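Read in the numbering used here, the sequence shown has 108 at position 108, and its numbers run on one by one without any break.
Just so it is clear, CB atoms sit at the ideal spot from N, CA and C, and this is done for glycine as well.
Remember, it's a predicted structure, so these values are computed and weren't measured experimentally.
Structure record follows, encoded as structure tokens.
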Amino acid sequence: RIARNSVVVRNIFGLFSFNNRVLARNMSLLSRALRKAPKVRFSEFRRFFSDDSLRKTPLHSLNAELGAKTTGFGGWDMPLHYNLGIMKEHLHCRSAAGLFDVSHMLGIKITGADRAAFAETIMPADVQNLPSGTGALTFLPNSDGGIIDDCIVTNAGDHLYLVINAGHEDKDIPHMREHLEQFSGDAAIEECHGRGILALQGPKAVDVLARLTDEVDFSTFKFMTGRPLKVNGADCYVTRSGYTGEDGFEIACEGADAESVARALLENEEVEPIGLGARDSLRLEAGLCLYGNDIDDTTDPVSAVLLWTIPKSRRTPGSFVGSDKILEKIGDRSLVTKKRVGFTNKGLPARSHDKVFDLEGNEVGEITSGVFGPSVKGPVSMGYVDKKLAKVGTELQVEIRGKKRPLTVAKMPFT
Numbered sequence: 001r002i003a004r005n006s007v008v009v010r011n012i013f014g015l016f017s018f019n020n021r022v023l024a025r026n027m028s029l030l031s032r033a034l035r036k037a038p039k040v041r042f043s044e045f046r047r048f049f050s051d052d053s054l055r056k057t058p059l060h061s062l063n064a065e066l067g068a069k070t071t072g073f074g075g076w077d078m079p080l081h082y083n084l085g086i087m088k089e090h091l092h093c094r095s096a097a098g099l100f101d102v103s104h105m106l107g108i109k110i111t112g113a114d115r116a117a118f119a120e121t122i123m124p125a126d127v128q129n130l131p132s133g134t135g136a137l138t139f140l141p142n143s144d145g146g147i148i149d150d151c152i153v154t155n156a157g158d159h160l161y162l163v164i165n166a167g168h169e170d171k172d173i174p175h176m177r178e179h180l181e182q183f184s185g186d187a188a189i190e191e192c193h194g195r196g197i198l199a200l201q202g203p204k205a206v207d208v209l210a211r212l213t214d215e216v217d218f219s220t221f222k223f224m225t226g227r228p229l230k231v232n233g234a235d236c237y238v239t240r241s242g243y244t245g246e247d248g249f250e251i252a253c254e255g256a257d258a259e260s261v262a263r264a265l266l267e268n269e270e271v272e273p274i275g276l277g278a279r280d281s282l283r284l285e286a287g288l289c290l291y292g293n294d295i296d297d298t299t300d301p302v303s304a305v306l307l308w309t310i311p312k313s314r315r316t317p318g319s320f321v322g323s324d325k326i327l328e329k330i331g332d333r334s335l336v337t338k339k340r341v342g343f344t345n346k347g348l349p350a351r352s353h354d355k356v357f358d359l360e361g362n363e364v365g366e367i368t369s370g371v372f373g374p375s376v377k378g379p380v381s382m383g384y385v386d387k388k389l390a391k392v393g394t395e396l397q398v399e400i401r402g403k404k405r406p407l408t409v410a411k412m413p414f415t
């Protein structure tokens, strides 16, 4: 009950500003929203919105010291932006190096002699042939072929290391454990709570990291590979990966070491702290999906244009959860009615849930993510349309604030 009504209230809180002329109107809206939840005790409501209810990363104190403006995300108190602001943070990451606190994401170790065989029952990655120190983008499918979560799995040598999205342990972990109970081999799951995860992203990221590590030949440190490294003297596991479309690294370490590693990285003049706001615009310009917006439990990987995450060696019926449903759509594309595409438009950016229409006014799709792209200097968005209208250059319309405006199907990434 609290969660249902909180959506209304959070939307209203989002309207608040320092403009006193709208304050009275927003207070009225808030009052009406609260009246929709008369059975919710105020003590329950206060706890739901209390800062104490949000989990804090190992970098929470440092983020506050750096002037972070925070927001709740996946149950965590996370930086939305720092003093530069979203636009400048975005552009700084594109031109130099940005440091992101992504410790809200959860690392999971899969151990045991049959760990790869177990992993292949719950994800379509070719885990058994994944070289040591190499990662792959994959997803956890449900029995209907939908996407429970997208994640990265890395062969870390004596174990597999899986990184899942923030706030997803309540559904990912039970799903994994359910299938682990049905697995007859030797495998176990270990959740790695309390660790720090930093993302150092941008064209200068490699130069910065090189100053803080022992002798490493970064020319051999390829994309989507990882290795244990000492960073500023702390034991870390570093992967060359990211969520921005730029070169970069994701650095996992013990929570107690996270702040010292972050401070050492920030001492470099190329590095600025970056929040979730710029992370969203960076990933969208790069054409990368955000779980909950662009993909979810009802999205199949064929419609989402994610077939490249399913190697042909894994396209065998019954080989992983939901494989029959997914392979049916791979084999019969007439079962696929929509396709994920990119869009550009002029004027106001299209936003999530804005409806898409053809030129005759028929509803043909929906926007799932949309922002003003600082690098491309214009609105960019992503969404789903009828597959016959998915060709790049197709002219459509999007309804923004009650008015239909021109929209064009565009190639992703946008940068």
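Worksheet item: Short check: CB of residue 361 to CB of residue 384, under 8 Å?
Response: no
Item to complete: Whole angstroms is fine: what's the gap from residue 270's alpha carbon to residue 173's?
Response: 38 Å
Worksheet item: Leaving out five residues before and five after residue 66 in sequence, what residues of the same chain have Cβ atoms less than 6 Å from its Cβ?
Response: 82 and 273
Worksheet item: Taking residue 186 as the reference, which of 150, 211 and 116 has the closest Cα?
Response: 116
Practice prompt. From the DSSP output, read off the bridge partner residues of residue 70.
Written response: Beta-bridge pairing links residue 70 to 79.
Worksheet entry | Opposing strand residues paired with residue 340 [DSSP bridges] | 384
Worksheet item: Counting pairs of beta carbons, one from the region 134–154 and one from the region 318–329, are three or more of them closer than 8 Å?
Response: yes
Practice prompt. Measure the CB-CB distance between residue 252 and residue 197 and report whether it falls below 8 Å.
Written response: yes
Worksheet item: Do residue 242 and residue 68 come within 8 Å of each other at the CB atom, strictly closer than that value?
Response: At least 8 Å separates the beta-carbon of residue 68 from that of residue 242.
Worksheet item: Would you call the region 151–167 and the region 348–361 in contact, with 3 or more CB pairs under 8 Å?
Response: no
Worksheet item: So, helix, strand or coil for residue 406, using DSSP?
Response: strand
Discussion item. So, does the region 279–286 touch the region 298–318, judging by three or more C-beta pairs under 8 Å?
Written reply: The region 279–286 vs the region 298–318: no contact.
Fill in: residue 352 versus residue 112 - alpha carbon distance
Roughly 42 Å separates the two Cα atoms.
Discussion item. By alpha-carbon positions, which one of 415, 340, 342 and 343 ends up nearest to residue 376?
Written reply: 415
Discussion item. Judging by CA-CA distance, which residue of 85, 227, 89 and 263 is the nearest neighbour of residue 58?
Written reply: 263
Item to complete: Go ahead and pull the three-state DSSP assignment for residue 129.
Response: Residue 129 falls in the helix class under three-state DSSP.
Worksheet item: Is DSSP giving residue 216 helix, strand or coil here?
Response: coil
Discussion item. Looking at residue 250: is its Cβ nearer than 8 Å to the Cβ of residue 239?
Written reply: Contact: yes.
Practice prompt. Classify residue 108 as helix, strand or coil using the three-state DSSP reduction.
Written response: In the structure shown, residue 108 sits in a strand (DSSP, three-state: E or B).
Discussion item. With a threshold of 6 Å on Cβ separation, who are the neighbours of residue 77 within its own chain once the five nearest residues in sequence on each side are excluded?
Written reply: 54, 56 and 70
Worksheet item: If you check the beta carbons only, do residue 291 and residue 101 fall under 8 Å apart?
Response: no
Discussion item. Using a Cβ-Cβ cutoff of less than 6 Å, which residues in the same chain neighbour residue 258 once the five nearest sequence positions on both sides are dropped?
Written reply: 58, 59 and 196
Worksheet entry | Per DSSP, the bridge partner or partners of residue 163 | 107 and 152
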